[in-house]
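Comments concern the structure below.
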Amino acid sequence: MSEQAPDQKFRVLLAEDDEVNQEVIRAFLAGQSHIDLTVVGDGRAALEAALGGRFDLMLFDHNMPHITGDRVIRYLRSGNSNNSRTPVVRFTAEADHATIRESEGLIDAVLPKPLRADMFLNTIETILRKG
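Take a look at the structure:
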């Protein structure tokens, strides 16, 4: 990810099947004018979006219809897209050690559900500013 000019936006993909969680994340990002958010509701749509465009950050739920978040991430990381190196934050209600260990090397951060605004915003801002 290259450094963004002050007037440019970071393109962020949110893959989350729960509409309430989608709205919560939209509310968290409401004051973040530097973020251009694309929201999809299942793993298949997430894969299509990631294959069809370039993102600066991808946010994935673990359990989604059609294809799990981890399967989409594994496919993208295999070099099959422009997003093979895009940072990924995964969130899940199942943030146990085994789930996290399965994702090592694939993701940049795991956030437990329910999401907390301060932790969520701090995590994504840190990752976006690394670039």
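Using full-length UniProt numbering, read the sequence shown as starting at 1 and increasing by one per residue. Cβ atoms here follow ideal geometry from the backbone N, Cα and C, with glycine treated the same way.
- Are the Cβ atoms of Thr68 and Gly43 separated by less than 8 Å? Translated into positions along the sequence shown, residue 68 becomes position 68. Translated into positions along the sequence shown, residue 43 becomes position 43. Going by C-beta atoms, Thr68 is nearer than 8 Å to Gly43.
- Query: Start and end of the beta strand (DSSP E) containing Ala109?
  - Reply: By 1-based counting over the sequence shown, the position of residue 109 is 109. That run of the beta strand (DSSP E) goes 109–112.
- Message: Check this for me: beta carbons of Ala109 and Met64, under 8 Å apart or not?
- Response: Position 109 of the sequence shown, counted from the first residue, corresponds to residue 109. Position 64 of the sequence shown, counted from the first residue, corresponds to residue 64. Cβ atoms of Ala109 and Met64: not closer than 8 Å.
- Item | Meets three-Cβ-pair contact criterion under 8 Å: the segment 47–55 and the segment 66–80 | yes
- Whole beta strand (DSSP E) elements within the UniProt domain "Response regulatory" (11–128), 3-residue minimum: 35–40, 57–61, 88–92, 109–112
- Query: With distances taken from CA atoms, which of Glu94, Ala93, Pro87, Leu106 is nearest Thr123?
  - Reply: Indexing the sequence shown from 1 puts residue 123 at position 123. Considering only alpha carbons, the answer is Pro87.
- Query: What's the gap between the Cα of Ser2 and the Cα of Val20?
  - Reply: Your numbering for residue 2 matches position 2 in the sequence shown. Your numbering for residue 20 matches position 20 in the sequence shown. Any answer about Ser2 is weak, because its pLDDT of 45 lies below 50 and its placement is not dependable; what the coordinates show is given next. Approximately 32 Å between the Cα atoms of the pair.
- Task: Tell me whether Met58 is buried or exposed, calling it buried when 16 or more other Cβ atoms sit within 10 Å of its Cβ.
- Result: Stepping through the sequence shown from its first residue, residue 58 is reached at position 58. Result: buried.
- Task: Might you give, ordered along the chain, the residues of its own chain that have their beta carbon closer than 7 Å to the beta carbon of Leu121, omitting 5 neighbours on each side?
- Result: To locate residue 121, count along the sequence shown from 1; it is residue 121. So the qualifying residues of the chain are Phe28.
- Would you identify the three-state DSSP class for Lys130, choosing helix, strand or coil? Taking the sequence shown and counting its residues from 1, the one referred to as residue 130 is at position 130. Note: Lys130 maps to helix in three-state DSSP.
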